[in-house]
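**Q** For what it's worth, our numbering labels the leading residue of the sequence shown as 54, then goes sequentially. Here a beta-carbon is modelled for each residue, glycine too, at the ideal position from N, C-alpha and C.
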Amino acid sequence: MPLCGKSSLAKIIGKEINISFIDLDKEIEIVEKRSINEIFNIKGEGYFRKIESEVLNSIIKSNESFIMATGGGTPCYNDNMKIINNNGVSIFLDVKISELENRLKNKKDRPLLSRHPDKGQILKEMYDKRKSYYHESNYTISNTKQKKTE
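1. Is it buried or exposed, residue 70, if we count other Cβ atoms within 10 angstroms and call 16 or more buried?
2. Give me, in chain order, the residues of the same chain whose beta-carbon lies closer than 8 Å to that of residue 153; leave out the 5 immediate sequence neighbours on both sides.
3. Going by C-alpha distance, which of 133, 119, 142 and 184 is nearest residue 148?
4. Just how far apart, CA to CA, sit residue 90 and residue 174?
5. Along the chain, where does the beta strand (DSSP E) containing residue 146 start, and where does it finish?
6. Exposed or buried, which one is residue 61 when buried takes at least 16 other CB atoms within 10 Å?
7. Can at least three beta-carbon pairs, one atom from the stretch 71-91 and one from the stretch 109-122, be found at a separation below 8 Å?
8. So, under 8 Å CB-CB, residue 192 and residue 144 are touching, yes? Tell me the CB distance rounded to an integer number of Å.
9. For residue 203, which residues of its own chain have a beta-carbon under 7 Å away from its beta-carbon, when the five flanking residues on both sides are left out?
10. Determine the closest residue to residue 99 out of 131, 110, 141 and 180, with distance taken between C-alpha atoms.
11. Quick one: what's residue 192 bridged to in DSSP?
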């Protein structure tokens, strides 16, 4: 999901275990020479998903050790989840929708979210569509559990 902390956590882990951190969206921006927002606005989501898969496959074929933060939709298209799981370890960061909505405030660079007035609703719909892919991850780290009260 967007804003769940993929990039932040991957950077920390990469530094801690001394392997390269790769942000898939940044790599796409380098290849395309435009921002993710511009790609969505000019070429559309279909084009973006095609390029996303191509860049993902190119990075995986490099045979180097790395930790990667993908976009929130990456696992849901073009067999990307299968490709990721066949070539590495995947981790799903499960964050409450209300927390994602809170993190989204004042963010303008989210092409699938920025034009919708009800961010919580669109995040919930997005999660409902994507959860079957996310649940194919090798591991899940969750902050959605309710704390027990004594």
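**A** In short:
1. Position 17 of the sequence shown, counting from 1, holds the residue named residue 70. Exposed.
2. Residue numbering aside, residue 153 sits at position 100 when the sequence shown is read from its first letter. Cβ neighbours of residue 153 within its own chain (closer than 8 Å, five residues either side excluded): 54, 55, 56, 57 and 176.
3. Residue 148 sits at position 95 when you count from the first residue of the sequence shown. When C-alpha distances from residue 148 are compared across 133, 119, 142 and 184, the shortest belongs to 184.
4. By one-based count along the sequence shown, residue 90 stands at place 37. By one-based count along the sequence shown, residue 174 stands at place 121. Between residue 90 and residue 174, the alpha-carbon positions lie close to 21 Å from each other.
5. The count along the sequence shown starts at 1 and reaches residue 146 at position 93. Here the beta strand (DSSP E) through residue 146 covers 144-147.
6. On the sequence shown, position 8 is the one that residue 61 refers to. By the 16-neighbour rule on beta-carbons within 10 angstroms, residue 61 is exposed.
7. The stretch 71-91 is in contact with the stretch 109-122.
8. By 1-based counting over the sequence shown, the position of residue 192 is 139. By 1-based counting over the sequence shown, the position of residue 144 is 91. Contact holds; Cβ gap of about 5 Å.
9. Residue 203 sits at position 150 when you count from the first residue of the sequence shown. Confidence at residue 203 is low in this model, with a pLDDT of 43, below 50, so the placement of that residue should be treated as unreliable; the coordinate-derived value is given next. Within the same chain, no Cβ atom closer than 7 Å to the Cβ of residue 203 is found once the five residues on either side in sequence are excluded.
10. If you number the sequence shown from 1, residue 99 lands on position 46. Considering only alpha carbons, the answer is 131.
11. On the sequence shown, position 139 is the one that residue 192 refers to. DSSP, once it has assigned bridges, lists 144 as partnering residue 192.
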